[in-house]
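Novice: Protein chains in written order, with the working numbering: chain V, 182 to 459; chain A, 14 to 271. Ideal Cβ positions, reconstructed from N, Cα and C, are used throughout, including at glycine. Computed from a predicted model, the values in this text were never measured in an experiment. If you scroll down you'll find the structure; I have some questions about it.
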Amino acid sequence: MSDTTITRTVAVASARRRRRKFRPRRMLLGAAGVLTFLLIWEIASRTGIVDPTYLPPASVVLVTMVQNAALTGFWVAVGQTLTSWGLGMLLALVLALPLGIVIGLSPFLQKATRTTIEFLRPIPSVGLIPLAVLIFAVPLQQSLLIITYGAFWQIFIQVMYGVADVDTVAMNTARSFGFSWWQRVRDVVFPTMLPFLLTGVRLAAAVALILAVTAELVIGTPGLGNQIALSRNVGLYASTYALVLATGLLGLVINVGVRLLERRLLGWHQSVRGEAIV
Amino acid sequence: MKKLLIAAAYALGLPAILIFLWWLLSLGTTSIFVPKPGELVAEFFETWVGERFFSDVLPSLGRFAVGTGVAIVAGTLLGILIGLSRDLRAFTEPIFEFFRAIPPPVLIPIFGLLIGVDDNMKVVVIAAGAIWPVLLNTIEGVRATDSVQTETSRSYGIHGFSRVRYQVLPSAAPQILAGVRQALPIGIILMVISEMFFSSSGLGFSIIQFQRRFAIPEMWSGILMLGLIGIAVSVIFTFVERRILRWYYGLKDIENAS
């Protein structure tokens, strides 16, 4: 290919990317979608198709949400939910990463642990709620057991897949250059595994939030979920809906955050170019 | 024969060691929280085989099956519809992303308000939580349909239902099933929690009851039951997926071999 062809190709590609970034039609349609949804909600409630006591109009809920944002109690609850989420994620990562690498690198361990893993993984985390309540007295610890168990498998499985994906030639090269075990893990295994790990973290982040809120709803660990249960029990239904929307927003923020982290750490990796929903 | 033995040793070795350790550790202690392995197995059969199987396990499984079934069918149909139209996709995308971000268990108190506390509510909760992975994966899969294939079917005059049946659906199937795989555990989770919340029957309800009455071995056997259901669901799914996507795995094997 001559130089001019390459320049032209690059120019066409960057023009296309610029066009892709700014899509007013798409954004307008998206906004219209949100508005339509809110409108249907408002009408359903105002006309009494759904009992307005149990489904307050969208406008009322949105106002409640804004009012909530001005309250310290709301932000304390958000902080509590985020704390158990973050601690659970951290614990899961600390446990899953070394275990995944060690087991993934050893064919023997992989074969020996397969049945145990296949047995433990599908156990629904929420089934452990009664157990957590019995073992731990502190609500946060109860939450953490459930969150960590759920998030652990997401990360662990991904790390194992990632380690299995390591190029044998690269591994053998490193070995013949006299890399120690630690150096091989750091310089060969880790970069290969990173995209897998981050996918695992993204999946685990969503699962951990679900479980954090679930534990708050069921066990009563302080946080957003507990607030939802409380406001429902005292009949503040507008507030209940507002809090549910808030958990959705929190989920979005966490999702976007993990995606940004992924982009940052994997700028060099081709997967960042074409993104698919996992 | 020797190969078979080695495979069996790998499959059963670690579980056997773990159970032995558990038995060894539970020998000396008198902790009421952890039952001995033998006790647990005996308790499992005593608790779940018999009347309780029909009064608690089957209804739970029924709600799970109906809820996830509705989620899979509705998610796939809606997903195909939305995936085929670029404008519809843009219209629904922000709303769907938001709904997916809401942790599904918070829907339980909400649907409890809207529908009331009955079986329908649980089915709706399960369907409403499990639909998102199916729906979004279907949209994505339909969108990624090969454009050359699309042009070809267009030039052969294949439209409407036939195009969906013979071109879009097969090419999106791997991703749709990836969505179903994610939807199944969500369905189980919601089944358990909705029963823990308001119910007078079901697995989730029984487990919570056992815990409140400090019937520890029974509670453990309930957790074991949930685990077994989780495993059964995942095995059945893998089997079905292998069947539906036989052509796809065949293709991948050939690609990997070359």
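Just mark Arg130 of chain V as buried or exposed, buried being the case when its beta carbon has 16 or more other beta carbons within 10 Å.
Specialist: No answer is possible for residue 130 of chain V: the residues shown for chain V start at 182 and end at 459.
Novice: What residue from V:Gly267, V:Val350, V:Leu220, V:Ser420 has the CA that sits closest to Leu252 of chain V's CA?
Specialist: Against the first sequence, residue 252 of chain V aligns to sequence position 71. Nearest option by C-alpha distance: V:Ser420.
Novice: So Val340 of chain V and Gly381 of chain V are supposed to be a Cβ contact under 8 Å. How far apart are they, rounded?
Specialist: By 1-based counting over the first sequence, the position of residue 340 of chain V is 159. By 1-based counting over the first sequence, the position of residue 381 of chain V is 200. That belief holds up - the Cβ atoms of Val340 of chain V and Gly381 of chain V are roughly 6 Å apart, short of 8 Å.
Novice: What does Pro403 of chain V reach in chain A if we use C-beta pairs closer than 7 Å?
Specialist: Position 222 of the first sequence holds residue 403 of chain V. Those do not exist, as Pro403 of chain V stays about 16 Å from chain A at its closest Cβ, beyond 7 Å.
Novice: Since Ile220 of chain A contacts Gly308 of chain V with CB under 8 Å, what's their CB separation in whole angstroms?
Specialist: One-based indexing of the second sequence puts residue 220 of chain A at position 207. One-based indexing of the first sequence puts residue 308 of chain V at position 127. Right, their Cβ atoms sit about 7 Å apart.
Novice: Taking the alpha-carbon positions, what's the Lys16 of chain A to Tyr23 of chain A distance?
Specialist: Taking the first residue of the second sequence as 1, we reach residue 16 of chain A at position 3. Taking the first residue of the second sequence as 1, we reach residue 23 of chain A at position 10. Cα to Cα, Lys16 of chain A sits roughly 11 Å from Tyr23 of chain A.
Novice: With 8 Å set as the bound, which would you pick, yes or no: does the beta-carbon of Thr264 of chain V sit closer than that to a beta-carbon of chain A?
Specialist: To locate residue 264 of chain V, count along the first sequence from 1; it is residue 83. With 8 Å as the cut-off, Thr264 of chain V does not count as an interface residue toward chain A.
Novice: Assuming Ala423 of chain V and Leu405 of chain V make a contact with CB atoms under 8 Å, what is their CB distance in whole Å?
Specialist: On the first sequence, position 242 is the one that residue 423 of chain V refers to. On the first sequence, position 224 is the one that residue 405 of chain V refers to. Between Leu405 of chain V and Ala423 of chain V the Cβ distance is about 11 Å, and since that is not below 8 Å, they are no contact.
Novice: Measure the alpha-carbon distance for Thr294 of chain V versus Leu27 of chain A and round it to whole angstroms.
Specialist: To locate residue 294 of chain V, count along the first sequence from 1; it is residue 113. To locate residue 27 of chain A, count along the second sequence from 1; it is residue 14. C-alpha separation (whole angstroms): 6 Å.
Novice: Between the beta-carbon of Ala277 of chain V and the beta-carbon of Phe333 of chain V, is there less than 8 Å?
Specialist: Along the first sequence, read from residue 1 onward, the residue named residue 277 of chain V stands at position 96. Along the first sequence, read from residue 1 onward, the residue named residue 333 of chain V stands at position 152. Yes.
Novice: Give the range of the alpha helix (DSSP H) segment to which Gln408 of chain V is assigned.
Specialist: Counting from one through the first sequence, the residue named residue 408 of chain V turns up at place 227. Element bounds for Gln408 of chain V: 405-414.
Novice: Excluding the 5 residues preceding and the 5 following Gly200 of chain A in the sequence, name in chain order all residues of the same chain whose CB lies nearer than 8 Å to its CB.
Specialist: What you label residue 200 of chain A is simply residue 187 of the second sequence in a count that begins at 1. Once the five neighbours on either side are set aside, the close Cβ partners of Gly200 of chain A are Phe77, Gly80, Thr81, Ala84, Ile139, Gly142, Ala143.
Novice: Give the interface partners of Gly211 of chain V over in chain A, defined as CB-CB distance under 9 Å, in chain order.
Specialist: To locate residue 211 of chain V, count along the first sequence from 1; it is residue 30. Those within 9 Å of Gly211 of chain V in chain A are Ala103, Phe104, Thr105, Glu106, Pro107, Ile108.
Novice: Only counting the same chain, and skipping five residues up and downstream in sequence, which positions put a Cβ closer than 6 Å to that of Ile458 of chain V?
Specialist: Along the first sequence, one-based indexing puts residue 458 of chain V at 277. Caution applies to Ile458 of chain V, whose pLDDT of 42 falls short of 50 and renders its modelled position unreliable; the value that the coordinates give is listed next. None.
Novice: So Ile304 of chain V contacts chain A; which residues on that side make the cut at Cβ distance below 7 Å?
Specialist: Position 123 of the first sequence, counted from the start, is the residue given in the question as residue 304 of chain V. Leu239, Gly240, Gly243, listed in chain order.
Novice: Answer yes or no: do Pro403 of chain V and Gly243 of chain A have a C-beta to C-beta separation smaller than 8 Å?
Specialist: Reading the first sequence from its first residue, position 222 is the one you call residue 403 of chain V. Reading the second sequence from its first residue, position 230 is the one you call residue 243 of chain A. Cβ distance not < 8 Å, so Pro403 of chain V and Gly243 of chain A don't count as in contact.
Novice: Could you tell me how far apart the beta carbons of Gln96 of chain A and Arg194 of chain A are, in whole angstroms, since I believe they sit closer than 8 Å?
Specialist: Counted from its first residue, the second sequence places residue 96 of chain A at position 83. Counted from its first residue, the second sequence places residue 194 of chain A at position 181. Position check: residue 96 of chain A holds Gly in this sequence, whereas Gln was assumed. Gly96 of chain A to Arg194 of chain A, Cβ: 19 Å. No contact.
Novice: Which term fits Lys135 of chain A, buried or exposed, when burial requires 16 or more other beta carbons within 10 angstroms of its beta carbon?
Specialist: For the purposes of this step, residue 135 of chain A is taken as residue 122 along the second sequence, with counting starting at 1. Looking at its Cβ environment, which holds 16 or more other Cβ atoms inside 10 Å, Lys135 of chain A is buried.
Novice: Would you say Leu71 of chain A faces chain V, with C-beta separation under 8 Å as the test?
Specialist: For the purposes of this step, residue 71 of chain A is taken as the residue at position 58 of the second sequence. No, its Cβ sits nowhere closer than 8 Å to a Cβ of chain V.
Novice: From Phe337 of chain V to Val283 of chain V, what does the alpha carbon distance come to, in whole angstroms?
Specialist: Working through the first sequence from its first residue, we reach residue 337 of chain V at position 156. Working through the first sequence from its first residue, we reach residue 283 of chain V at position 102. Near 11 Å, if we compare the C-alpha coordinates of Val283 of chain V and Phe337 of chain V.
Novice: Is there a C-beta anywhere in chain A that falls below 8 Å from the one on Pro311 of chain V?
Specialist: Counting from 1 along the first sequence, the entry for residue 311 of chain V is found at position 130. Yes - at least one Cβ of chain A is within 8 Å of the one on Pro311 of chain V.
Novice: Using only the alpha-carbon positions, how far apart do Glu456 of chain V and Gly260 of chain V sit?
Specialist: Taking the first residue of the first sequence as position 1, residue 456 of chain V is located at position 275. Taking the first residue of the first sequence as position 1, residue 260 of chain V is located at position 79. Interpretation of Glu456 of chain V is limited by its pLDDT of 47, a score under 50 that renders its predicted location unreliable; the figure taken from the coordinates is listed afterwards. Computed Cα separation, rounded: 31 Å.
Novice: Per the contact definition of three or more C-beta pairs closer than 8 Å, is the segment 124-135 of chain A in contact with the segment 159-167 of chain A?
Specialist: The answer is no - the segment 124-135 of chain A does not touch the segment 159-167 of chain A, with fewer than three Cβ pairs under 8 Å.
Novice: Using a beta-carbon distance cut-off of less than 7 Å, what residues from the segment 176-190 of chain A approach chain V?
Specialist: none
Novice: Less than 8 Å between the beta carbons of Gly285 of chain V and Ala345 of chain V, yes or no?
Specialist: Counting from one through the first sequence, the residue named residue 285 of chain V turns up at place 104. Counting from one through the first sequence, the residue named residue 345 of chain V turns up at place 164. Yes, the Cβ-Cβ distance between Gly285 of chain V and Ala345 of chain V is below 8 Å.
Novice: Just checking my contact of Gly401 of chain V with Pro320 of chain V at CB under 8 Å: how many whole Å lie between their CB atoms?
Specialist: The residue given as residue 401 of chain V occupies position 220 in the first sequence. The residue given as residue 320 of chain V occupies position 139 in the first sequence. The Cβ separation is near 7 Å, so the contact holds.
Novice: So, with DSSP's three-state summary, where would you put Lys49 of chain A?
Specialist: Working through the second sequence from its first residue, we reach residue 49 of chain A at position 36. In the displayed model, Lys49 of chain A falls within coil according to three-state DSSP, outside both helix and strand.
Novice: How many angstroms separate the CA atom of Val247 of chain V from the CA atom of Leu417 of chain V?
Specialist: The sequence position of residue 247 of chain V within the first sequence is 66, counting from 1. The sequence position of residue 417 of chain V within the first sequence is 236, counting from 1. Val247 of chain V and Leu417 of chain V: Cα-Cα distance of roughly 15 Å.
Novice: According to DSSP, is Leu236 of chain V helix, strand or coil?
Specialist: Start at 1 with the first residue of the first sequence, and residue 236 of chain V comes out as number 55. The three-state secondary structure of Leu236 of chain V, taken from DSSP, is coil.
Novice: Roughly how many angstroms lie between the CA atoms of Tyr235 of chain V and Thr245 of chain V, to the nearest whole one?
Specialist: By 1-based counting over the first sequence, the position of residue 235 of chain V is 54. By 1-based counting over the first sequence, the position of residue 245 of chain V is 64. Answer to the nearest angstrom: the Cα atoms are 15 Å apart.
Novice: Residues in the same chain with beta-carbon distance under 7 Å from Leu216 of chain A, minus the five sequence neighbours each way, listed in chain order, please.
Specialist: In the second sequence, residue 216 of chain A corresponds to position 203, counting from 1. Here the set comprises Asp69, Val70, Ser73, Val205, Glu208, Gly235, Met238, Leu239.
Novice: Which bits of chain V does Ala24 of chain A rub up against, with CB to CB less than 8 Å?
Specialist: The sequence position of residue 24 of chain A within the second sequence is 11, counting from 1. Neighbours of Ala24 of chain A on chain V, chain order: Arg295, Thr296.
Novice: Using a 10 Å radius around the Cβ and a threshold of 16 neighbouring Cβ atoms, would you call Ser287 of chain V buried or exposed?
Specialist: For the purposes of this step, residue 287 of chain V is taken as residue 106 along the first sequence, with counting starting at 1. The residue in question, Ser287 of chain V, is exposed, as its Cβ has fewer than 16 Cβ neighbours within 10 Å.
Novice: Counting C-beta neighbours from all protein chains within 10 Å, is the total for Arg255 of chain A 16 or more, i.e. buried, or is it exposed?
Specialist: Against the second sequence, residue 255 of chain A aligns to sequence position 242. So Arg255 of chain A counts as exposed.
Novice: Check the Cβ-Cβ distances between Leu236 of chain V and every residue of chain A, and say whether any is below 8 Å.
Specialist: Taking the first sequence and counting its residues from 1, the one referred to as residue 236 of chain V is at position 55. Answer yes: the Cβ-Cβ gap between Leu236 of chain V and chain A drops below 8 Å somewhere.
Novice: For Ser265 of chain V, which residues from the same chain have a beta carbon less than 7 Å from its beta carbon, with the 5 sequence-adjacent residues on both sides left out?
Specialist: Taking the first sequence and counting its residues from 1, one reaches residue 265 of chain V at position 84. Taken in chain order, the residues that qualify are Leu321, Ser324, Leu325, Ile328, Ala393, Thr402, Gly404.
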